[in-house]
Amino acid sequence: MTADLPVREGNAGLPPRDERLWWRDAVVYQIYPRSFSDSDGDGLGDLPGIRQRLPYLADLGVDAIWLSPFYPSPLLDGGYDVADPRDVDPRLGTLDDARAMVEEAHALGLRVFVDVVPNHFSWEHPWFKAAMQTAPGSPEWARFHALRGKGENGELPPNNWVSAFGGSAWTPIEGHPGWWYLHLFDDSQPDVNWENPEIHEDYAATLRFWFDMGVDGFRIDVAHSLIKAPGYPDGPELDEVWTPGNETGPAWDQPRVHDVWREWRRLADTYEPPRAFVGEAWVRTTEAQAAYTRPDELHTTFNFHFLKAYWDAEVIRDVIGTSLLTSAAVGAPPTWVLSNHDVWRPVTRFAPWLDAETIDLEAGRRRALAMSLLSLALPGSAYLYQGEELGLPEVLDLADEVRQDPNFFRTNGEVKGRDGCRVPLPWSGDAPPYGFTTGAPWLPQPADWAPLTAEAQAQDEGSTLSLYKRALRVRKASPVLGDGELIWRESGHKDVLAVERPGDEPVLVLLNTGPADRAVAVDGEVLVSNRRVDRDRTGALVIPPETCAWVALS
Ligand code: NOJ
Ligand code: MG
1 MTADLPVREG NAGLPPRDER LWWRDAVVYQ IYPRSFSDSD GDGLGDLPGI
51 RQRLPYLADL GVDAIWLSPF YPSPLLDGGY DVADPRDVDP RLGTLDDARA
101 MVEEAHALGL RVFVDVVPNH FSWEHPWFKA AMQTAPGSPE WARFHALRGK
151 GENGELPPNN WVSAFGGSAW TPIEGHPGWW YLHLFDDSQP DVNWENPEIH
201 EDYAATLRFW FDMGVDGFRI DVAHSLIKAP GYPDGPELDE VWTPGNETGP
251 AWDQPRVHDV WREWRRLADT YEPPRAFVGE AWVRTTEAQA AYTRPDELHT
301 TFNFHFLKAY WDAEVIRDVI GTSLLTSAAV GAPPTWVLSN HDVWRPVTRF
351 APWLDAETID LEAGRRRALA MSLLSLALPG SAYLYQGEEL GLPEVLDLAD
401 EVRQDPNFFR TNGEVKGRDG CRVPLPWSGD APPYGFTTGA PWLPQPADWA
451 PLTAEAQAQD EGSTLSLYKR ALRVRKASPV LGDGELIWRE SGHKDVLAVE
501 RPGDEPVLVL LNTGPADRAV AVDGEVLVSN RRVDRDRTGA LVIPPETCAW
551 VALS
């Protein structure tokens with residue numbers, strides 16, 4: 001390593017790792033309940049299925065789990081259309097199952113986040129059903145956004161806002177010509193009106209309900225919506241097709257939304273120990289994102305800027321740098337996210353490919369793993385989406401008939417949607433349903449996933465699963481990994497990122513995004529790497545392409 005002026009970034013002066021607040025360092029595993037594990041053979045994953053697999057997650061070595069919604073829902077947006085936020089969908093279990101799940105997770109040392117969806121209800125929520133029985137202008141409609149349309153008879157939508165899933169964000173109110181209701185997502189997801197105190201009270205009741213059950217925190221769905229600009233002005237003309245992050249204008253990221261988060265923070269702080277939030281806010285800049293984690297607001301937010309980085313050391317360095325800078329400015333830990341139930345799985349995203357036939361998934365898997373190792377070594381908290389630990393690829397060839405994403409329907413199939421990352425997990429066996437269910441999985445699984453099952457990989461030291469376990473053990477045992485500082489180092493190659501996690505047992509993290517082996521002179525032992533790292537004759541470490549290595553510095 002050439003000596004360079006060290007550049008330190010991140011959160012300095014934190015208490016030692018085991019005395020810090022848990023959410024500053026947590027590795028959080030996202031469970032998409034319908035696709036995780038099915039206990040009763042109906043093909044739909046459920047809470048008892050999750051309970052059975054908690055030991056697997058404890059053994060994997062994560063610190064916390066986050067469950068996407070398991071509440072009663074018509075499932076028109078995979079459960080993000082909530083009909084009763086304080087109950088469990090009978091197909092997924094009971095409140096007793098939820099209680100038992102939280103207790104069992106805690107007994108295994110796992111914290112639990114559940115999901116809250118404050119921007120909208122399902123149209124099957126009793127409040128929306130009640131509104132539909134009344135005329136706009138009623139107290140029932142005051143919980144939503146019901147507006148008179150434009151045009152002589154209100155026959156045009158009130159403004160030009162588009163649904164994130166395609167089409168207008170407004171749908172006519174049946175039986176009341178000229179009136180429309182707002183939905184930033186599917187028409188089955190009417191937006192609630194945060195100008196109405198009843199909405200504040202109802203969501204506070206939901207938070208308390210789950211906090212009282214013992215959950216440690218909430219993941220907040222679309223935390224940058226909720227408040228709409230006064231007067232519902234037209235926004236900029238947006239591409240009608242949604243890409244996450246393409247959310248701007250008068251319906252998004254309004255200044256007063258931060259007041260809601262202050263209110264929620266006060267509520268979370270009344271608990272002992274205080275409960276935590278992670279916000280989902282696809283905002284445009286890291287600065288705008290950091291504003292959500294000011295000291296009196298949310299504890300953390302997902303870092304989607306990192307998710308959007310592509311395979312290039314300089315791009316990655318840049319996004320890490322701005323993330324560290326902006327989060328340190330508000331004292332919050334950054335988070336690192338590569339995957340979730342809304343985006344293509346990283347194995348496929350990072351794969352070099354020209355078309356679906358020539359895609360090189362093995363290279364994609366190496367890159368995704370290298371990115372994941374990098375993210376687990378950076379300051380802050382990290383997220384894993386179920387199946388990431390198995391190296392699952394995106395399922396690209398789902399038939400249109402089985403697709404369920406509203407994004408698919410609202411664009412007449414132009415956007416295929418997000419079902420390909422929601423295919424049920426392969427647990428064991430040689431053929432579908434791979435131990436996920438005894439019935440027929442709600443989305444079909446590929447025929448070639450036998451080598452990817454958790455069972456097959458558990459027996460293989462060289463598997464993706466085994467690598468994750470090793471990395472998570474090393475992370476947990478290390479005094480320097482987790483939140484804190486990093487020092488940018490010079491690797492001698494522009495395509496090799498080098499960061500040091502300084503402290504008592506310093507770790508150097510190297511990521512090679514270049515096309516060939518790169519030799520880096522460094523004094524130390526490799527702790528973890530996704531490909532074998534050897535030394536050359538001079539003793540330098542030779543980092544193969546598509547590799548991340550953690551090196552214990554001597
Ligand atoms: C974000 C969720 O992650 C996504 O799955 C959902 O469709 C939208 N919010 C609407 O709730
Ligand atoms: Mg089931």
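Residues 1 to 554, numbered by the numbering used here, are exactly what the sequence shown covers, in order.
Every residue gets a Cβ at the ideal spot worked out from N, C-alpha and C, and that includes glycine.
Nothing here was measured: the structure is a model prediction, and the numbers come from that model.
Which residue marks the beginning of the beta strand (DSSP E) containing V112, and which one marks its end? The residue you call residue 112 lines up with position 112 of the sequence shown. Going by DSSP, V112 is part of the beta strand (DSSP E) stretching over R111 to V116.
Any beta strand (DSSP E) of 3 or more consecutive residues that is wholly inside the stretch 248 to 298: Within the stretch 248 to 298, the complete beta strand (DSSP E) runs of at least 3 residues are 276 to 279.
Could you give the distance in angstroms between the alpha-carbon of A309 and the alpha-carbon of R349? Looking up residue 309 in the sequence shown gives position 309. Looking up residue 349 in the sequence shown gives position 349. Rounded to whole angstroms, A309 to R349 spans 11 Å at the Cα level.
Is Y434 near ligand 1 - that is, is its Cβ less than 7 Å away from at least one heavy atom of it? Within the sequence shown, numbered from 1, the residue matching residue 434 stands at position 434. Every heavy atom of ligand 1 is 7 Å or more from the Cβ of Y434, so no.
Looking at the structure shown, is L398 part of a helix, part of a strand, or coil, going by DSSP? The residue you call residue 398 lines up with position 398 of the sequence shown. In the three-state reduction of the DSSP assignment, L398 falls in the coil class.
Any residues whose CB sits closer than 5 Å to a heavy atom of ligand 2? List them in chain order? That gives D38, D40, D42, L44 and D46.
Can you tell me which of the three DSSP states A64 falls into? By 1-based counting over the sequence shown, the position of residue 64 is 64. Reduced to three states, the DSSP call for A64 is strand.
Mind the definition here: the stretch 391 to 398 touches the stretch 332 to 352 only if three or more C-beta pairs lie below 8 Å; say whether that holds. These segments touch.
May I ask whether a heavy atom of ligand 1 can be found less than 7 Å away from the beta carbon of E124? Walking along the sequence shown from the start, residue 124 turns up at place 124. Answer for E124: no, Cβ out of range of ligand 1.
How far does the beta strand (DSSP E) with I529 in it extend, from its first residue to its last? Position 529 of the sequence shown holds residue 529. Here residue 529 turns out to be Ser, not Ile, going by the sequence shown. From DSSP, the beta strand (DSSP E) with S529 extends over G524 to S529.
Only counting the same chain, and skipping five residues up and downstream in sequence, which positions put a Cβ closer than 6 Å to that of E314? Reading the sequence shown from its first residue, position 314 is the one you call residue 314. Its chain contains no residue whose beta carbon lies nearer than 6 Å to that of E314 once the 5 sequence neighbours on both sides are disregarded.
Which residue spans inside the stretch 459 to 512 form an unbroken beta strand (DSSP E) run of at least 3? Qualifying beta strand (DSSP E) stretches, in chain order: 485 to 490, 496 to 501 and 507 to 512.
So, with DSSP's three-state summary, where would you put H341? Residue 341 sits at position 341 when you count from the first residue of the sequence shown. For H341, the three-state secondary structure derived from DSSP is coil.
Euclidean distance between Cα positions of S39 and P55: By 1-based counting over the sequence shown, the position of residue 39 is 39. By 1-based counting over the sequence shown, the position of residue 55 is 55. C-alpha separation (whole angstroms): 15 Å.
Can you tell me the Cα-Cα spacing of W242 and D81, whole angstroms? Here residue 242 refers to the residue found at position 242 when the sequence shown is read from its first residue. Here residue 81 refers to the residue found at position 81 when the sequence shown is read from its first residue. In this predicted model, W242 has a pLDDT of only 47, less than 50, meaning its place in the structure is not dependable; the value taken from the coordinates is given anyway. Straight-line Cα distance between these residues: approximately 18 Å.
For K129, does the three-state DSSP call read helix, strand or coil? Numbered from its first residue, the sequence shown carries residue 129 at position 129. Annotated three-state conformation of K129 is helix, per DSSP.
Under DSSP, the alpha helix (DSSP H) around F306 begins and ends at which residues? As a working mapping, residue 306 is identified with position 306 in the sequence shown. Counting along the chain, the alpha helix (DSSP H) containing F306 begins and ends at F304 to L307.
Roughly how many angstroms separate the alpha carbons of G166 and E124, rounded to a whole number? The residue labelled residue 166 in the question sits at position 166 within the sequence shown. The residue labelled residue 124 in the question sits at position 124 within the sequence shown. Their Cα atoms are separated by approximately 21 Å.
Taking just the CA atoms, how far does G484 sit from A12? Position 12 of the sequence shown, counting from 1, holds the residue named residue 12. Position 484 of the sequence shown, counting from 1, holds the residue named residue 484. If I take the Cα positions, the gap works out to 6 Å.
V522: beta carbon under 7 Å from a heavy atom of ligand 1? Numbered from its first residue, the sequence shown carries residue 522 at position 522. Because no heavy atom of ligand 1 lies under 7 Å away, the Cβ of V522 does not count as near it: no.
Below 8 Å between beta carbons: does that hold for P295 and P334? Position 295 of the sequence shown, counted from the start, is the residue given in the question as residue 295. Position 334 of the sequence shown, counted from the start, is the residue given in the question as residue 334. No, the pair does not count as a contact, with Cβ atoms beyond the cut-off.
Short Cβ contact (8 Å threshold) for P33 with L67: Taking the sequence shown and counting its residues from 1, the one referred to as residue 33 is at position 33. Taking the sequence shown and counting its residues from 1, the one referred to as residue 67 is at position 67. Yes. Within cutoff.
Contacts around L369, its chain only, beta-carbon distance under 6 Å, and the 5 residues preceding and following it disregarded: Stepping through the sequence shown from its first residue, residue 369 is reached at position 369. Excluding sequence positions up to five before and after L369, its CB lies within less than 6 Å of the CB of N530, all in the same chain and listed in chain order.
Measure the beta-carbon distance from W449 to S37 and round it to whole angstroms, keeping in mind my assumption that it falls under 8 Å. Counting from one through the sequence shown, the residue named residue 449 turns up at place 449. Counting from one through the sequence shown, the residue named residue 37 turns up at place 37. The beta carbons of W449 and S37 sit about 15 Å from each other, so the pair does not count as a contact at 8 Å.
Just checking, does the stretch 269 to 280 make contact with the stretch 218 to 237 on the three C-beta pairs under 8 Å criterion? When C-beta atoms of the stretch 269 to 280 are compared with those of the stretch 218 to 237, three or more pairs fall below 8 Å, so the two segments count as touching.
Three or more C-beta pairs under 8 Å: does that hold for the stretch 113 to 120 against the stretch 435 to 443? No, because fewer than three Cβ pairs between the stretch 113 to 120 and the stretch 435 to 443 fall closer than 8 Å, the two stretches do not touch.
Would you mind working out which of T322, N303 and T358 sits nearest L610, comparing C-alpha positions? Examination of residue 610 is not possible in this model, given that the chain is present from 1 through 554 alone.
Sorry if obvious, but does the Cβ on Y80 come closer than 7 Å to a heavy atom of ligand 1? Position 80 of the sequence shown, counting from 1, holds the residue named residue 80. Yes.
Throw me the rounded Cβ distance for the G10 and A328 pair, which I believe falls under 8 Å. For this step, residue 10 is matched to residue 10 along the sequence shown. For this step, residue 328 is matched to residue 328 along the sequence shown. With a Cβ gap of about 6 Å, G10 and A328 count as contacting.
If contacts are defined as beta-carbon pairs under 8 Å, then V86 and F209 qualify, I think. What distance do you get, rounded to the angstrom? Counting from one through the sequence shown, the residue named residue 86 turns up at place 86. Counting from one through the sequence shown, the residue named residue 209 turns up at place 209. The residue asked about is misnamed: residue 86 is Arg in this sequence, not Val. Sure, about 5 Å apart at Cβ, within 8 Å.
If I measure Cβ to Cβ from D504 and keep anything under 6 Å in the same chain, skipping five residues before and after, which residues do I get? Within the sequence shown, numbered from 1, the residue matching residue 504 stands at position 504. Short of 6 Å from the beta carbon of D504, and not among the five residues preceding or following it, lie these beta carbons of its own chain, in chain order: P479.
Reduced DSSP category for V319 - H, G, I as helix; E, B as strand; rest coil: Here residue 319 refers to the residue found at position 319 of the sequence shown. The three-state reading of DSSP puts V319 in helix, counting H, G and I together.
Indicate whether R565 and S163 have their beta-carbon atoms separated by less than 8 Å. Outside the shown range of the chain (1 to 554) lies residue 565, about which nothing can therefore be said.
Using CA coordinates, which residue listed in P545, P515, T547 and L510 is at the minimum distance from L553? Within the sequence shown, numbered from 1, the residue matching residue 553 stands at position 553. Ranking P545, P515, T547 and L510 by Cα distance to L553 puts L510 first.
Compute the beta-carbon to beta-carbon distance between G481 and V551, rounded to the nearest angstrom, for a pair I have assumed lies under 8 Å. Indexing the sequence shown from 1 puts residue 481 at position 481. Indexing the sequence shown from 1 puts residue 551 at position 551. Inspection of the sequence shows that residue 481 is occupied by Leu rather than by Gly. Not really, about 13 Å apart at Cβ, beyond 8 Å.
By the three-class DSSP mapping on this structure, what secondary structure does F144 have? Translated into the one-based positions of the sequence shown, residue 144 becomes position 144. Reduced to three states, the DSSP call for F144 is strand.
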